[in-house]
Structures are given as structure tokens and as C-alpha cells.
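Heads up, the thing below is written out as C-alpha cells.
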Amino acid sequence: MAVYDRAAEYLQPGDYVMFSSQYGKPIWLFIEADEALGQMKVQMTDVGVSLAGRAARAGAGSPVPPFTFIDAEPVRMDFLEPRREDRLYQIRPSVFAIDELTGHLIDEDVIPPLLMLEWDYPDGTRQGGSDRLATITINNIPNPDIGGPQGGRIPVNEIYNRSDLSPLYDIFVFFLTAPAFRLINWTRGVVGAAGDEGLQFLWFLTFQGRKYIFRRATAEEEEKLINRELPYRSLPSPGGVPDTLLRRD
Amino acid sequence: MKMGDFVKIIGYEGEVAFFKIALVETMAQQSVLFGDAAQGIGAAAHIGANPIESDPDPVPYKFMEPVQELRLVQMRVSVYPTDGNSGAPVVNNVTPAIEIEANSPESERRFGTDRRTRTTMNGIAALTVPDTGGRNGGRIPANQVRRQDDQCEVFDLWIIHGYEPGFDITNSMNFNLGGIIPGPLDFNWYLNTQGRRYVLGKPTRDELDRLMKKEIPYKAVTLGGVTTITMEA
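The listed protein sequences derive, respectively, from chains A and B.
If you count the first sequence from 1, you need to add 274 to reach the numbering used here.
Position 94 (the second sequence) corresponds to 78 in the numbering used here; numbering is contiguous.
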């Protein structure tokens, strides 16, 4: 089990951060105040609302069945939108499951990496993959549509809500934007629902993080930042890196 | 923080002041019992629904208030359940569905976002959470402040003279916390406070100039969090 510093990567008042859009000129911000977001959670499955497992592969020539989705599209989390221009959220998503019968937190060791979270960036685009989309056939097993600019997903066992959350998938949210999420299932087990299969728990998606008030760096500060006379941290672009023209092999 | 450190205290309205830590002392641990066999914290009928609270409002922790100016308290909360019979700590039943609601020292419910919205997963009414987010919509997940772990600073509260925080425990499970029916969560539940208290000194004019230019390192703490936006969708 990976161990992280629970405060890792959070900004602090007095920090300078550099932010750039996909194509734009970078700007520097000064963090003036901060506050924990605590935890907010939504429930993704219930004993009556389940997410089917994928079917067994029929034969050597048949494609691997696709993921099954809990929602047709990622669900926009409107409550994660800052309401003013000078406010910034740092969102750390996590997932946990509890046993409906015992109330116990499910041990992360039984959470399969093939249960994944698909997310839209705050600017509304699906990101997280590579430049190219391709079918990979290994040992006569075709794996269609691997990769591509939207082909990456977050394995939930990496963001399981244990004591120490990974900052690897932190999302920074500015005014007028909000991220969206859905759970996808590439295991053969049902997620949620009553029964006796291994993933039949109640699944929650949780959000933690911090909120900040910032101001633009002054011209004097910006000159020092450009000259590296003041330390700063760069934030990931809300839209990721620019997509290239999609190429399919 | 240690003696000699500099701290920048940021007020709720954005006012700031620098201080030097003149004295420091550990507060050790102070514990409050929230649920036991006689006084359980009820079970939520549906796990996704709004949670059951141990009290209608967070209970003021009057003992955490510094009674003089130029004193600062750094407070860290933690949770642990114990077995009602043996008193032994219970390790495996602290879940993120058990959460702490906190009033900041200014006695306003804190944590959360600017907006409160209804969230429905899978288009299913059973998975609708009516009030997600909002300026007081965040809670501290109990599993991340378990007493057994190393304590972390993410949810630290900073308290000055004239203010006190408040707390209660919320239960999003369909099992009692405490309660009289034997079950997996029927333990004695404690909320603990640890931390340090400081006496603040004033920096010299020269130190202040250098602090403003970031020539001397300092720690910045925000009292009461960031300003609240009252408009909600």
C-alpha cells in the first residue's frame, strides 16, 4: 500500500503559483488565504442500483467487451464550482466502498484496478490519455481502442479513501468551471446490487481538498518570478495538453 | 511551530499580521465522549441521504478558547472508537461515512464549497444527494483523523482570544454509532483534541520589513477560512 503525506501538494498562503491555459500566456498568482474543503460525497451504487460487470469473452476472434458505465456521460459536479474569479479549488477525488451488511469499510486490497473513474476536466473536455488510439492484439486477444486523448482513466484502487490520499490526480478548478465524473467497470463482477459476488458493496465518490483566495502577482513580483528570484509552483492546465489531430491505427 | 518561528495570521476579511512565536507548549490530549451504549448516534435510513448528527448543531468547545490576547492555539482533532466492554481500541471500523462537523472558532459551520447543488448519479432517485457542497457542506472524514495514525495538519484549526470551535459527529451509515444493540459500530466513540498553544510576540521593524519581502521564512495560517459567498444556486 502506498503511503502519502496527507498534506502533500496543498498550497499555502504566501505561495506563488504559475498557471497557463492550453495555449495561453502564463500568469502568476499569489495565494492569500486557504481553508480545508472537508469531505463531500455522492453515492454511485446501491443495493438497488448496480453497475453490471462485463461479459465473458466468447472466443478468440471476438473483441473484448467494452466497459460498462454507471452513467451515459460523466456527471458534472456543479457544487465544485467556485463562485468568484479570485477563488481556486484544489480537488482531490477518492472512492470508498462499504459493506451493506456489516457497515465495514471494504479493504482496499480487494479493489480491482479495472474499476476506474472517468473524468472531464473542469473546462468540459475529456482528457487523460495519449495522442494515438490503437487496437492492440496480443495472443489473439484483440484490445480495441486503447489510448487516444480520452483513453485514460483513474484506477479506483489508487485513489481509495484510506488515510493517505494521493495528490497524483488533483484537479484545480477556477470560476465558471466544474469537473465531472462517472464510474466504469471492466471487471466481471457486479458493482453494487444484492448478491454474492465480490464487488457488491455500496460505492461512494468523495471529494476533499482546499479552497484558496488569490490575487495576481504584482509587476515587481512577476519580474522576480520570471527571473527565478522567488520560488513558485506551476499548476496543471485545466484542459491538459493540447490534443493533436486524432490518429487511428 | 517552534520558538523563534514567524507566523503570518490572516483574518477572515483578509487583514494580516506577523508575529514571532515567543513560547510554545503541547496541549497533550483532551477527549470528549460522543456515543456510547446508552446514547447512540442513530442510523441513516438510506446511506446516501443526509447523515444523522450527534447534536442539532456543533457543540462549542469552550475549553479551547485562549483567554488572553497574544495567545494562539493550534488544534488537531482525531477520532477513535473503543470496545464498550474491554475498552480496547477498535481499529477497523472507522469509515469515511462517519464524519466530523466543525464550527470554525468564529462559530460558523465551515468546510465546503461556494455552491450547494443536488447531485444524482445514474439518473436514479435513490442515488440523489439533495444538498451536496455549499459553504458549510464539508465534513472531516473520520478515517483520515483516526487516533491510531499519525495526526495530519490538513484539518488543523487556529484559535485566538474570544473564539471557540464546535464539533459534532455525523453518521451516514445504516448502523448506530454507540447504541444498545450489539453490532459492528456499537462502540464508545471519542473525539479528541490535541495540538499546541503559543504565546505571540511582535516582530521588530527590521524583521517586519524582511518578512514583507519574503527574506525570512514564515508560516501563514488563515483564521476561520476564506470569505463566504452568500449567493447559492
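Don't be surprised by glycine CBs; every beta carbon is placed ideally from N, CA and C.
Member of the options whose CA lies at the smallest distance from the CA of residue i
i	options	result
residue 315 of chain A	A/515, A/481, A/508	A/481
residue 398 of chain A	A/378, A/392, A/475, A/454	A/454
residue 293 of chain A	A/516, A/515, A/431, A/507	A/507
residue 486 of chain A	A/429, A/360, A/408	A/360
residue 125 of chain B	B/142, B/17, B/81, B/140	B/81
residue 83 of chain B	B/174, B/154, B/120, B/188	B/154
residue 465 of chain A	A/323, A/288, A/286	A/323
residue 128 of chain B	A/430, A/437, A/433	A/437
residue 325 of chain A	A/317, A/429, A/342	A/342
residue 348 of chain A	A/462, A/304, A/489, A/424	A/424
residue 451 of chain A	A/458, A/356, A/385	A/356
residue 458 of chain A	A/388, A/383, A/352, A/369	A/388
residue 366 of chain A	A/358, A/479, A/449	A/479
residue 178 of chain B	B/118, B/119, B/58	B/58
residue 393 of chain A	A/408, A/419, A/426, A/422	A/426
residue 475 of chain A	A/385, A/395, A/488, A/429	A/385
residue 328 of chain A	A/282, A/291, A/460, A/306	A/460
residue 249 of chain A	A/418, A/364, A/282	Outside the displayed range of chain A (275 to 523) lies residue 249 of chain A, so it cannot be described from this structure.
residue 382 of chain A	A/431, A/401, A/350	A/431
residue 516 of chain A	A/404, A/290, A/280, A/278	A/404
residue 374 of chain A	A/467, A/484, A/494, A/284	A/467
residue 494 of chain A	A/302, A/396, A/418, A/307	A/302
Cutoff 8 Å: residue i Cβ touching any chain A Cβ
i	result
residue 60 of chain B	no
residue 118 of chain B	yes
residue 194 of chain B	no
residue 131 of chain B	no
residue 83 of chain B	yes
residue 111 of chain B	yes
residue 204 of chain B	yes
residue 197 of chain B	no
residue -6 of chain B	yes
residue 1 of chain B	no
residue 185 of chain B	no
residue 137 of chain B	yes
residue 108 of chain B	yes
residue 209 of chain B	yes
residue 153 of chain B	no
residue 42 of chain B	no
Per-residue burial, residue i [other beta carbons within 10 Å of its own, 16 or more giving buried]
i	result
residue 376 of chain A	exposed
residue 264 of chain A	There is no way to answer for residue 264 of chain A, as the model of chain A reaches only from 275 to 523.
residue 297 of chain A	exposed
residue 380 of chain A	buried
residue 75 of chain B	exposed
residue 7 of chain B	exposed
residue 492 of chain A	exposed
residue 310 of chain A	buried
residue 13 of chain B	exposed
residue 312 of chain A	buried
residue 132 of chain B	exposed
Residue-chain proximity (residue i, chain B), Cβ-Cβ < 8 Å
i	result
residue 288 of chain A	yes
residue 424 of chain A	no
residue 437 of chain A	yes
residue 502 of chain A	no
residue 398 of chain A	no
residue 442 of chain A	no
residue 485 of chain A	yes
residue 391 of chain A	no
residue 467 of chain A	no
residue 363 of chain A	yes
residue 427 of chain A	no
residue 453 of chain A	no
residue 355 of chain A	yes
residue 480 of chain A	yes
Cβ-based neighbour list, residue i, same chain, cut-off 6 Å, excluding 5 preceding and 5 following
i	result
residue 193 of chain B	none
residue 213 of chain B	98
residue 286 of chain A	none
residue 34 of chain B	none
residue 157 of chain B	81
residue 368 of chain A	433, 435, 439, 480
residue 217 of chain B	Caution applies to residue 217 of chain B, whose pLDDT of 45 falls short of 50 and renders its modelled position unreliable; the value that the coordinates give is listed next. So the list reads 99, once near-sequence residues are dropped.
Same chain, Cβ closer than 7 Å to residue i, neighbours up to 5 away in sequence not counted
i	result
residue 510 of chain A	446
residue 139 of chain B	61, 124, 129
residue 498 of chain A	504
Same chain, Cβ closer than 8 Å to residue i, neighbours up to 5 away in sequence not counted
i	result
residue 180 of chain B	-15, 8, 9, 10, 11, 57, 58
residue 137 of chain B	60
heavy atom of the ligand HEM below 7 Å from residue i C-beta
i	result
residue 364 of chain A	For the structure depicted, the ligand HEM is absent and the ligand set is empty, with no information on it obtainable.
Original post:
Does the region 65 to 81 of chain B touch the region 106 to 116 of chain B, meaning 3 or more C-beta pairs lie closer than 8 Å?
Top reply: no
**OP:** Examine the Cβ distances between the region 197 to 217 of chain B and the region -6 to 1 of chain B and report whether three or more of them are shorter than 8 Å.
**Re:** yes
Original post:
Would you call the region 50 to 61 of chain B and the region 139 to 147 of chain B touching, i.e. three or more CB-CB distances under 8 Å?
Top reply: yes
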